[in-house]
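A.B. asks: For reference, the structure I am asking about is given below.
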Amino acid sequence: MQAALAFFSATPSMSLPPSASPCVKARHSTTEDASTLAGAASSTSKDFPSVKWAQKTVVVPAQRRGCHLITSKIVREIGQDLSGFKCGLAHFFLQHTSASLTINENYDSDVRHDTETFLSKVVPEGVSAPWKHTLEGPDDMPAHIKSSMFGCTLTIPITNGQLNMGTWQGIWLCEHRDHATPRHIVVTLNGM
Amino acid sequence: MQAALAFFSATPSMSLPPSASPCVKARHSTTEDASTLAGAASSTSKDFPSVKWAQKTVVVPAQRRGCHLITSKIVREIGQDLSGFKCGLAHFFLQHTSASLTINENYDSDVRHDTETFLSKVVPEGVSAPWKHTLEGPDDMPAHIKSSMFGCTLTIPITNGQLNMGTWQGIWLCEHRDHATPRHIVVTLNGM
Amino acid sequence: MQAALAFFSATPSMSLPPSASPCVKARHSTTEDASTLAGAASSTSKDFPSVKWAQKTVVVPAQRRGCHLITSKIVREIGQDLSGFKCGLAHFFLQHTSASLTINENYDSDVRHDTETFLSKVVPEGVSAPWKHTLEGPDDMPAHIKSSMFGCTLTIPITNGQLNMGTWQGIWLCEHRDHATPRHIVVTLNGM
Numbered sequence: 002m003q004a005a006l007a008f009f010s011a012t013p014s015m016s017l018p019p020s021a022s023p024c025v026k027a028r029h030s031t032t033e034d035a036s037t038l039a040g041a042a043s044s045t046s047k048d049f050p051s052v053k054w055a056q057k058t059v060v061v062p063a064q065r066r067g068c069h070l071i072t073s074k075i076v077r078e079i080g081q082d083l084s085g086f087k088c089g090l091a092h093f094f095l096q097h098t099s100a101s102l103t104i105n106e107n108y109d110s111d112v113r114h115d116t117e118t119f120l121s122k123v124v125p126e127g128v129s130a131p132w133k134h135t136l137e138g139p140d141d142m143p144a145h146i147k148s149s150m151f152g153c154t155l156t157i158p159i160t161n162g163q164l165n166m167g168t169w170q171g172i173w174l175c176e177h178r179d180h181a182t183p184r185h186i187v188v189t190l191n192g193m
Numbered sequence: 002m003q004a005a006l007a008f009f010s011a012t013p014s015m016s017l018p019p020s021a022s023p024c025v026k027a028r029h030s031t032t033e034d035a036s037t038l039a040g041a042a043s044s045t046s047k048d049f050p051s052v053k054w055a056q057k058t059v060v061v062p063a064q065r066r067g068c069h070l071i072t073s074k075i076v077r078e079i080g081q082d083l084s085g086f087k088c089g090l091a092h093f094f095l096q097h098t099s100a101s102l103t104i105n106e107n108y109d110s111d112v113r114h115d116t117e118t119f120l121s122k123v124v125p126e127g128v129s130a131p132w133k134h135t136l137e138g139p140d141d142m143p144a145h146i147k148s149s150m151f152g153c154t155l156t157i158p159i160t161n162g163q164l165n166m167g168t169w170q171g172i173w174l175c176e177h178r179d180h181a182t183p184r185h186i187v188v189t190l191n192g193m
Numbered sequence: 002m003q004a005a006l007a008f009f010s011a012t013p014s015m016s017l018p019p020s021a022s023p024c025v026k027a028r029h030s031t032t033e034d035a036s037t038l039a040g041a042a043s044s045t046s047k048d049f050p051s052v053k054w055a056q057k058t059v060v061v062p063a064q065r066r067g068c069h070l071i072t073s074k075i076v077r078e079i080g081q082d083l084s085g086f087k088c089g090l091a092h093f094f095l096q097h098t099s100a101s102l103t104i105n106e107n108y109d110s111d112v113r114h115d116t117e118t119f120l121s122k123v124v125p126e127g128v129s130a131p132w133k134h135t136l137e138g139p140d141d142m143p144a145h146i147k148s149s150m151f152g153c154t155l156t157i158p159i160t161n162g163q164l165n166m167g168t169w170q171g172i173w174l175c176e177h178r179d180h181a182t183p184r185h186i187v188v189t190l191n192g193m
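Protein chains in written order, with this note's numbering: chain A, 2 to 193; chain B, 2 to 193; chain C, 2 to 193.
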């Protein structure tokens, strides 16, 4: 029931033949391929499986409190870079402690609405809440807790130049403050 | 109290001596090692620390609602590939929004039972629950929430060809639907 | 509103000019740069963007139950290694099932206090709790649940030799046991 294993290796003189797909093992010894490297690289330099890193900060404008689908925004920002990776990982890091990143349903906005309902219910807010940290308002401490519940970091596989998510998955930015500011996400791409 | 630092570096002509262990620093300048590369590569090609990527989709058959230990299943699927990495990271990505991946206790099945008890208690379900998203049944919206609570992605260090988890840690697949389907996990290995 | 994209590529003969910053694209074809490689490497060997991996286990002494800021401890342990990476990812893996790692506020200790208050409130403990797994005491099963709520793994971007967290972010070790032991964190650095 498993897909074929894709294996990539970047030895000093490793090269993939132009027709190699991610589902074909491609480990060449350094000595055997030394003579073919220059040719492969010059004729198909864009397909050469070099190890690449890319890093960028994406800014999401201030959102209202709640859960927001940001997949299309993210893909618009990094899609061109993603297309250069046959296999890799995309890492997303939200640089804030009162919002969160998560992966969830990408179709019915009721799911995002209900998730906000849950978060507001499970973390007490208001005069009866037991928090000591209240200087920035009643939504401040609950926002910190929700940030750790869902987390501020995501890693998504890259396959053939795209984020390899499931059919119904999307990237959510969950804003936990009543009066939010723009949110910064450091995106790091790594792969071949 | 700290273990020695293991340092790996893949410069274009970097090579590790055959005896190098993961706990020995091994950064060579490109010029110094240029003459030794071919020899090292030809004599110990399997130990040569090339950067490798591997990616595979593992399918876990439908499970009943609850928490399931899947470490042995995962290791059976990727163990042979893992063995080729001295140092790296293994990334697991569940392509669904109504199940989750987490790391927890690997010995007493009561821990998995109690965790399911907690999840069913903390996320309301049934006629009194406040959800708008109910078309797929009473367990649908709670499943989405639990998926974000535990998350759908894990990254585990690879050390000397094995997942470097603690003695009592295991990989859990938590199924949040009453009537589940098979679940797909994209596994990405990266390292040297 | 986005920062310039930083792009790094390690082809067999790729080289960055000594003045290249992480915000400048630097993809060279293998054939064009073949003649400049040796020179760049010999004159600026420390700046050569080779792919590097480093792995180390950091031990945090036993902490009392609650949330603890460990950023400075972590940076003290890995700072020297971090400084060698222009762009990359730092991965932290806690090898335990009754504690957790999370990122949250780094300034007001009340935030850590209130987070512990929340965790103790949301996960029942004591004679009325519904747990079957109680052999190691009333705090044992709640500790396992909290470990999966916050998670045992973190990935943080590295930019210009430093952890690229937001101004108010810090790394927390959350200890969920009443009588804790030292906690082991496997740190894996990868980048260029």
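Beta carbons are placed, not taken as given, at the ideal position from N, Cα and C, and that holds for glycine.
Give the DSSP-derived three-state secondary structure of Arg77(C) in the structure shown.
C.D. replies: Taking the first residue of the third sequence as 1, we reach residue 77(C) at position 76. Note: Arg77(C) maps to helix in three-state DSSP.
A.B. asks: Just the C-alpha distance for Gly162(B) and Trp54(B), rounded to the nearest angstrom, thanks.
C.D. replies: Within the second sequence, residue 162(B) is the residue found at index 161, counting from 1. Within the second sequence, residue 54(B) is the residue found at index 53, counting from 1. The alpha-carbon atoms of Gly162(B) and Trp54(B) are separated by roughly 14 Å.
A.B. asks: Quick check: the region 76 to 91 of chain B against the region 108 to 117 of chain B, are at least 3 beta-carbon pairs closer than 8 Å?
C.D. replies: As far as the Cβ criterion goes, the region 108 to 117 of chain B does not touch the region 76 to 91 of chain B, which means the pair count is below three.
A.B. asks: Hey, quick one: how far does the beta strand (DSSP E) through Lys57(A) stretch, first residue to last?
C.D. replies: Mapped onto the first sequence, residue 57(A) falls at position 56. Per DSSP, Lys57(A) belongs to the beta strand (DSSP E) from 52 to 61.
A.B. asks: Give the range of the alpha helix (DSSP H) segment to which Thr116(C) is assigned.
C.D. replies: The residue labelled residue 116(C) in the question sits at position 115 within the third sequence. Run containing Thr116(C): 110 to 123, per the alpha helix (DSSP H) assignment.
A.B. asks: So, using beta-carbon positions, are Ser101(B) and Gly67(B) closer together than 7 Å?
C.D. replies: Taking the first residue of the second sequence as position 1, residue 101(B) is located at position 100. Taking the first residue of the second sequence as position 1, residue 67(B) is located at position 66. No, they are not a contact pair.
A.B. asks: Select from His185(C), Met193(C), Gly192(C) the residue whose C-alpha is nearest the C-alpha of Val61(C).
C.D. replies: Within the third sequence, numbered from 1, the residue matching residue 61(C) stands at position 60. Out of His185(C), Met193(C), Gly192(C), His185(C) has the C-alpha closest to the C-alpha of Val61(C).
A.B. asks: Let's see if you can read the secondary structure: which residues bound the alpha helix (DSSP H) around Ala144(C)?
C.D. replies: To locate residue 144(C), count along the third sequence from 1; it is residue 143. That run of the alpha helix (DSSP H) goes 141 to 151.
A.B. asks: 7 Å is my cut-off, CB to CB: does Met195(A) come that close to chain B?
C.D. replies: Residue 195(A) lies beyond the range of chain A shown here (2 to 193); nothing can be said about it.
A.B. asks: Decide if the region 68 to 82 of chain B is in contact with the region 113 to 127 of chain B; the criterion is three or more beta carbon pairs, one per stretch, under 8 Å apart.
C.D. replies: The region 68 to 82 of chain B is in contact with the region 113 to 127 of chain B.
A.B. asks: Going by the CB atoms, is the gap between Val128(C) and Lys147(C) shorter than 7 Å?
C.D. replies: For the purposes of this step, residue 147(C) is taken as residue 146 along the third sequence, with counting starting at 1. For the purposes of this step, residue 128(C) is taken as residue 127 along the third sequence, with counting starting at 1. No, they are not a contact pair.
A.B. asks: Determine the contact status of Gln64(B) and Ala181(B), defining contact as a CB-CB distance below 7 Å.
C.D. replies: Locating residue 64(B) in the second sequence gives position 63, counting from the first residue. Locating residue 181(B) in the second sequence gives position 180, counting from the first residue. Cβ distance < 7 Å, so Gln64(B) and Ala181(B) count as in contact.
A.B. asks: Compute the Euclidean distance between the alpha carbons of Gln81(B) and Lys122(C), then round it to the nearest angstrom.
C.D. replies: The residue labelled residue 81(B) in the question sits at position 80 within the second sequence. The residue labelled residue 122(C) in the question sits at position 121 within the third sequence. Their backbone Cα atoms lie some 44 Å apart in a straight line.
A.B. asks: Return yes when the Cβ of Ile159(C) is within less than 7 Å of the Cβ of Phe94(C), no when it is not.
C.D. replies: Stepping through the third sequence from its first residue, residue 94(C) is reached at position 93. Stepping through the third sequence from its first residue, residue 159(C) is reached at position 158. Taking 7 Å as the Cβ cut-off, Phe94(C) and Ile159(C) do not qualify as a contacting pair.
A.B. asks: Less than 7 Å separating the beta-carbons of Gly167(A) and Gln96(B)?
C.D. replies: On the first sequence, position 166 is the one that residue 167(A) refers to. On the second sequence, position 95 is the one that residue 96(B) refers to. Contact flag set, yes.
A.B. asks: Flag this pair as yes or no: are the beta carbons of Ser149(B) and Asn165(A) separated by less than 7 Å?
C.D. replies: Locating residue 149(B) in the second sequence gives position 148, counting from the first residue. Locating residue 165(A) in the first sequence gives position 164, counting from the first residue. No, these two residues do not count as a Cβ contact at 7 Å.
A.B. asks: Where does Leu136(B) fall in DSSP's three states?
C.D. replies: Reading the second sequence from its first residue, position 135 is the one you call residue 136(B). Three-state DSSP puts Leu136(B) in coil, outside helix and strand.
A.B. asks: List, in order along the chain, the chain A residues whose C-beta lies closer than 9 Å to that of Ser1(B)?
C.D. replies: The requested residue 1(B) does not occur in the structure, where chain B is confined to residues 2 to 193.
A.B. asks: How would you list, in chain order, the residues of chain C whose beta-carbon sits under 7 Å from the beta-carbon of Cys88(A)?
C.D. replies: Looking up residue 88(A) in the first sequence gives position 87. Correct list: empty, because the minimum Cβ distance to chain C is about 15 Å.
A.B. asks: Compare the C-alpha of Val59(A) against each of Thr154(A), Asp141(A), Glu78(A) and name the closest.
C.D. replies: As a working mapping, residue 59(A) is identified with position 58 in the first sequence. Among Thr154(A), Asp141(A), Glu78(A), the Cα nearest to that of Val59(A) is on Glu78(A).
A.B. asks: Could you list the residues in the region 137 to 150 of chain B with a C-beta less than 7 Å from some C-beta on chain A, going in chain order?
C.D. replies: Under the 7 Å Cβ criterion, the region 137 to 150 of chain B contributes Met142, His145, Ile146, Ser148, Ser149, Met150.
A.B. asks: Show which residues of chain C have a CB atom less than 9 Å away from the CB atom of Gly152(A).
C.D. replies: Translated into the one-based positions of the first sequence, residue 152(A) becomes position 151. Under the 9 Å cutoff, chain C gives Thr103, Ile104, Phe151, Gly152, Leu155.
A.B. asks: Between Leu155(A) and Thr154(B), which are expected to be in contact by the criterion C-beta below 8 Å, what is the C-beta distance as a whole number of angstroms?
C.D. replies: The count along the first sequence starts at 1 and reaches residue 155(A) at position 154. The count along the second sequence starts at 1 and reaches residue 154(B) at position 153. The pair is a contact, with the Cβ atoms about 7 Å apart (cut-off 8 Å).
A.B. asks: Comparing alpha-carbon positions, which option in Asp140(C), Met193(C), Lys74(C), Lys133(C) lies nearest Glu176(C)?
C.D. replies: Working through the third sequence from its first residue, we reach residue 176(C) at position 175. The candidate whose alpha carbon is nearest that of Glu176(C) is Asp140(C).
A.B. asks: Since Trp173(A) is in the beta strand (DSSP E), which residue starts that stretch and which ends it?
C.D. replies: In the first sequence, residue 173(A) corresponds to position 172, counting from 1. First-last of the beta strand (DSSP E) with Trp173(A): 170 to 176.
A.B. asks: For Val76(C), which option in Trp173(C), Thr98(C), Arg178(C), Pro131(C) has the closest C-alpha, if you only look at C-alpha atoms?
C.D. replies: Walking along the third sequence from the start, residue 76(C) turns up at place 75. Out of Trp173(C), Thr98(C), Arg178(C), Pro131(C), Trp173(C) has the C-alpha closest to the C-alpha of Val76(C).
A.B. asks: Whose Cβ in chain A lies nearer than 7 Å to the Cβ of Gln96(B)?
C.D. replies: Taking the second sequence and counting its residues from 1, one reaches residue 96(B) at position 95. The answer, in chain order, is Met166, Gly167, Gln170.
A.B. asks: Is there a C-beta anywhere in chain A that falls below 7 Å from the one on His114(C)?
C.D. replies: Looking up residue 114(C) in the third sequence gives position 113. Chain A, which has a Cβ nearer than 7 Å to the Cβ of His114(C), makes this yes.
A.B. asks: For His134(C), I'd like the list of residues in its chain whose CB is within less than 8 Å of its CB, leaving aside the five on either flank, ordered along the chain.
C.D. replies: Here residue 134(C) refers to the residue found at position 133 of the third sequence. Excluding residues within five positions, the ones whose Cβ falls inside 8 Å are Asp141, Met142, His145.
A.B. asks: Thr154(B) by DSSP, collapsed to three states: which one?
C.D. replies: Working through the second sequence from its first residue, we reach residue 154(B) at position 153. Strand.
A.B. asks: Work out the CA separation of Trp169(C) and Trp132(C) for me, nearest whole Å.
C.D. replies: In the third sequence, residue 132(C) corresponds to position 131, counting from 1. In the third sequence, residue 169(C) corresponds to position 168, counting from 1. Trp132(C) and Trp169(C): Cα-Cα distance of roughly 37 Å.
A.B. asks: Could one say the Cβ of Asp82(C) lies closer than 7 Å to chain A's Cβ atoms, at least one of them?
C.D. replies: On the third sequence, residue 82(C) is found 81 positions in, with the first residue counted as 1. Chain A contact via Cβ: absent.
A.B. asks: Answer with yes or no whether the minimum CB distance from Asp179(A) to chain B is below 7 Å.
C.D. replies: In the first sequence, counting from the first residue as 1, residue 179(A) sits at position 178. By this cut-off, Asp179(A) is not an interface position.
A.B. asks: Given this structure, state the Cα-to-Cα distance separating Glu117(C) from Ala130(C), to the nearest angstrom.
C.D. replies: Counted from its first residue, the third sequence places residue 117(C) at position 116. Counted from its first residue, the third sequence places residue 130(C) at position 129. Looking at the two C-alpha atoms, the distance is approximately 18 Å.
A.B. asks: Apart from the five residues on each side of it in sequence, which residues of its chain come closer than 8 Å, Cβ to Cβ, to Lys74(C)?
C.D. replies: For this step, residue 74(C) is matched to residue 73 along the third sequence. Taken in chain order, the residues that qualify are Val59, Val61.
A.B. asks: From the beta carbon of Pro131(C), is the nearest beta carbon of chain A less than 7 Å away?
C.D. replies: Sequence index remark: in the third sequence, residue 131(C) carries index 130 (1-based). So, not an interface residue.
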